[in-house]
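For what it's worth, the working numbering labels the leading residue of the sequence shown as 421, then goes sequentially. Notes follow the structure.
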Amino acid sequence: MEDVTKLTMDKLVALCKNRGIIFQGSEIYGGMGNTWDYGPVGVEIKNNIKKTWWKRFVQESDNSFGVDAAILMNPRVWDASGHTTSFSDPKMDCRECKTRHRADNLIENYCAHHHIENIIPDKMTNEEMQNFIEKHKIACPVCGKHNFTPIRQFKLMFETRRGVTEDDTDKIYLRPETAQGEFVNFLNVQRSMRAKVPFGIAQIGKAFRNEITPGNFIFRTIEFEQMEHQLFCKECDDDKFYNEYKQKAWDYLVSIGIDADKLRFKDHDKLAHYAKNACDIQFLFPFGFSELNGIHNRTNYDLSRHQEFSGKNMQYLDPVTNEKYIPYVVEYSIGCDRLMLAVLCNAYREEKLDDGETRIVLALSPVLAPYKACVLPLVKKTHAETAHNLQKELSKYFMCDYDESGSIGKRYRREDEIGTPFAITVDDETLNNGTVTIRDRNTMEQITLKIDQVKDYILDKCKY
Ligand code: ATP
Numbered sequence: 421m422e423d424v425t426k427l428t429m430d431k432l433v434a435l436c437k438n439r440g441i442i443f444q445g446s447e448i449y450g451g452m453g454n455t456w457d458y459g460p461v462g463v464e465i466k467n468n469i470k471k472t473w474w475k476r477f478v479q480e481s482d483n484s485f486g487v488d489a490a491i492l493m494n495p496r497v498w499d500a501s502g503h504t505t506s507f508s509d510p511k512m513d514c515r516e517c518k519t520r521h522r523a524d525n526l527i528e529n530y531c532a533h534h535h536i537e538n539i540i541p542d543k544m545t546n547e548e549m550q551n552f553i554e555k556h557k558i559a560c561p562v563c564g565k566h567n568f569t570p571i572r573q574f575k576l577m578f579e580t581r582r583g584v585t586e587d588d589t590d591k592i593y594l595r596p597e598t599a600q601g602e603f604v605n606f607l608n609v610q611r612s613m614r615a616k617v618p619f620g621i622a623q624i625g626k627a628f629r630n631e632i633t634p635g636n637f638i639f640r641t642i643e644f645e646q647m648e649h650q651l652f653c654k655e656c657d658d659d660k661f662y663n664e665y666k667q668k669a670w671d672y673l674v675s676i677g678i679d680a681d682k683l684r685f686k687d688h689d690k691l692a693h694y695a696k697n698a699c700d701i702q703f704l705f706p707f708g709f710s711e712l713n714g715i716h717n718r719t720n721y722d723l724s725r726h727q728e729f730s731g732k733n734m735q736y737l738d739p740v741t742n743e744k745y746i747p748y749v750v751e752y753s754i755g756c757d758r759l760m761l762a763v764l765c766n767a768y769r770e771e772k773l774d775d776g777e778t779r780i781v782l783a784l785s786p787v788l789a790p791y792k793a794c795v796l797p798l799v800k801k802t803h804a805e806t807a808h809n810l811q812k813e814l815s816k817y818f819m820c821d822y823d824e825s826g827s828i829g830k831r832y833r834r835e836d837e838i839g840t841p842f843a844i845t846v847d848d849e850t851l852n853n854g855t856v857t858i859r860d861r862n863t864m865e866q867i868t869l870k871i872d873q874v875k876d877y878i879l880d881k882c883k884y
């Protein structure tokens with residue numbers, strides 16, 4: 421077979437819709453911008469991503485503890501973190517087609533198209549961005565005209581209210597990041613788990629941002645899940661842990677099957693005022709290299725701010741040296757949905773087979789595959805009962821699909837498209853000798869196994 425993969429976002433979106441991976445949010449009402457729903461197949465892949473991440477960053481990490489904090493937090497948290505005053509994007513409206521755009525993205529895309537180097541919007545003021553857009557007559561990506569409003573800072577936090585009055589003191593926010601849930605629980609975790617610095621707090625949870633820019637499928641959405649790990653350490657150890665977490669973040673991506681040659685580190689061009697160091701790992705999406713995750717040395721900024729705003733002492737008392745200090749934080753943050761997009765892009769293949777047909781395969785790492793196996797009776801009438809029983813038995817250990825409709829070739833194709841690594845066929849040999857054939861998704865080669873060896877064979881191939 422020959423690899424003839426030509427991945428576009430449209431192809432991926434269509435496959436996801438047809439195979440129950442991801443649907444447009446609120447589709448029957450015409451959708452809702454930048455929201456997506458995970459279908460029966462997609463939710464399995466996403467859950468598997470979360471399980472591998474938790475295993476790597478909590479279960480297998482020394483001194484690492486998980487939390488699951490509330491989405492709605494005391495609004496003072498967001499004053500302390502700085503989000504209420506400065507979490508916004510520079511936006512411009514197109515006066516012609518009424519669409520809204522991020523000024524920095526307009527410049528970035530323009531420069532990429534025109535091979536202009538050394539222009540870094542992150543380092544520009546709003547005025548400089550505005551002048552650049554005017555000077556180059558940058559066009560609206562939707563209607564092609566150049567007629568923008570001046571840049572305005574657009575707030576990214578979703579506001580809501582608690583209680584029944586319209587009083588401004590009732591205003592609360594949907595959290596725009598999970599990180600604050602880890603910071604506000606620093607004392608609770610340290611005390612209750614008798615944790616000694618260095619230790620980490622991890623969390624997987626939803627975050628919300630009022631993103632206006634069209635999102636490239638699930639790359640940028642208004643509701644998304646983050647997987648974050650905050651490592652609390654002594655100031656003098658910050659560089660060591662920053663480098664350690666850079667490597668750990670990279671190794672994790674490779675461990676779930678992402679090709680290392682589609683990844684690269686990118687140092688931040690402009691550091692936030694509290695950050696000592698910051699970089700992203702970027703992935704080569706069909707629309708170019710873009711941020712997949714961030715690693716940041718946040719110094720002791722967050723805990724110091726919470727100490728200031730809450731009045732609680734955030735210092736750690738070193739039990740050996742009796743030294744008191746506010747720990748530094750090395751943060752590692754990755755969007756689960758963005759990682760899901762990278763996983764899907766990385767796994768998507770189009771292959772021309774020897775018989776001239778083309779198949780689509782999601783060559784997912786078995787640990788991420790939604791179904792680890794499927795059971796296919798060769799002939800429904802004679803083999804369905806045995807096949808059903810086998811599927812029921814295997815389902816006690818892992819997700820196992822069952823399909824009895826259509827030719828065996830068509831059934832293989834459907835399973836290839838959702839990434840099922842092993843297809844088990846039940847035929848006359850099963851009834852006579854107790855053996856089944858197992859077809860490998862990637863090589864399409866088949867082996868014969870005793871039916872009672874199947875479970876262990878598949879568990880072994882799918883372990884992480
Ligand atoms: P970007 O520059 O893409 O807006 P960011 O630098 O603001 O991202 P962080 O605040 O560092 O992102 O968030 C950590 C991670 O959360 C990102 O690396 C990304 O994987 C994910 N993420 C952030 N915003 C979104 C979003 N709107 N939709 C999906 N994932 C997101």
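Glycine included, each C-beta is placed from N, C-alpha and C at the ideal position.
Residue i, enclosing beta strand (DSSP E) - first and last residue
{"i": "F842", "result": "F842 to V846"}
{"i": "D687", "result": "L683 to D687"}
{"i": "K816", "result": "Neither: K816 is in no beta strand (DSSP E) and is coded neither H nor E."}
{"i": "N468", "result": "Note, N468: premise wrong, no beta strand (DSSP E); alpha helix (DSSP H) at P460 to W474."}
{"i": "G601", "result": "Where G601 is concerned, there is no enclosing beta strand (DSSP E), although the alpha helix (DSSP H) it sits in stretches over A599 to F603."}
{"i": "D860", "result": "T855 to D860"}
Paired residues, beta bridge with residue i - DSSP
{"i": "S446", "result": "In the DSSP output, where bridge partners are listed per residue, S446 has none listed."}
{"i": "Q610", "result": "Paired residues: none, contrary to the question."}
{"i": "S825", "result": "According to DSSP, which records beta bridges pairwise, S825 is partnered with nothing at all."}
{"i": "Y768", "result": "L782"}
{"i": "Y745", "result": "Y736"}
{"i": "Y593", "result": "E579"}
{"i": "H716", "result": "A698 and E751"}
{"i": "G564", "result": "Bridge partners of G564: none, in fact."}
{"i": "S484", "result": "G620"}
{"i": "E645", "result": "K626"}
{"i": "D513", "result": "R520"}
Proximity test, residue i beta-carbon vs the ligand ATP heavy atom, cut-off 7 Å
{"i": "I754", "result": "yes"}
{"i": "Q646", "result": "yes"}
{"i": "E602", "result": "no"}
{"i": "R861", "result": "no"}
{"i": "G714", "result": "yes"}
{"i": "E554", "result": "no"}
{"i": "R684", "result": "no"}
{"i": "E597", "result": "yes"}
{"i": "R520", "result": "no"}
{"i": "R758", "result": "yes"}
{"i": "E528", "result": "no"}
{"i": "R614", "result": "no"}
{"i": "E631", "result": "yes"}
{"i": "T504", "result": "no"}
{"i": "R439", "result": "no"}
Nonlocal neighbours in the same chain, by C-beta distance under 6 Å from residue i, ignoring five residues either side
{"i": "A500", "result": "R725, H726 and F729"}
{"i": "K830", "result": "none"}
{"i": "D880", "result": "none"}
{"i": "L784", "result": "A767 and G839"}
{"i": "A489", "result": "G601"}
{"i": "T425", "result": "R769 and E770"}
{"i": "M647", "result": "W473, I624, I754 and C756"}
{"i": "F485", "result": "V609, M613 and I621"}
{"i": "Y752", "result": "H649, Y665, A669 and I715"}
{"i": "S675", "result": "none"}
Same chain only: Cβ atoms within 7 Å of residue i, ignoring 5 sequence neighbours per side
{"i": "Q735", "result": "K744, Y745 and I746"}
{"i": "Y458", "result": "I442 and K466"}
{"i": "N742", "result": "none"}
{"i": "E579", "result": "K591 and Y593"}
{"i": "M760", "result": "I465, K466, I469 and I638"}
{"i": "Q444", "result": "G451 and W456"}
{"i": "V461", "result": "R439, G440, I441, P790 and I838"}
{"i": "P786", "result": "K792, P841, K881 and C882"}
{"i": "C653", "result": "V617, P618, F661, P747, Y748 and V750"}
{"i": "E711", "result": "D700 and Q702"}
{"i": "R833", "result": "R779"}
Same chain only: Cβ atoms within 8 Å of residue i, ignoring 5 sequence neighbours per side
{"i": "K511", "result": "R520, H521, R522, A523, I571, R572, Q573, F574 and I632"}
{"i": "L607", "result": "K732 and M734"}
{"i": "T855", "result": "E849, T868, L869, K870 and I871"}
Extent of the continuous alpha helix (DSSP H) to which residue i belongs
{"i": "A695", "result": "A695 -> no alpha helix (DSSP H), and no H or E assigned at all."}
{"i": "S506", "result": "H503 to S506"}
{"i": "P797", "result": "P797 -> not in any alpha helix (DSSP H); beta strand (DSSP E) instead, spanning A793 to P797."}
{"i": "C436", "result": "M429 to N438"}
{"i": "R725", "result": "Y721 to S730"}
{"i": "L892", "result": "In the structure displayed, the chain extends from 421 to 884; residue 892 sits before or after that span and is not available."}
Distance cut-off 7 Å: residue i Cβ against heavy atoms of the ligand GDP
{"i": "E711", "result": "The ligand content of the structure shown is limited to the ligand ATP, which means the ligand GDP is not among them."}
Residue-level contact to chain B via CB, residue i, 8 Å cutoff
{"i": "H566", "result": "No chain B is present in this structure, which holds just one protein chain."}
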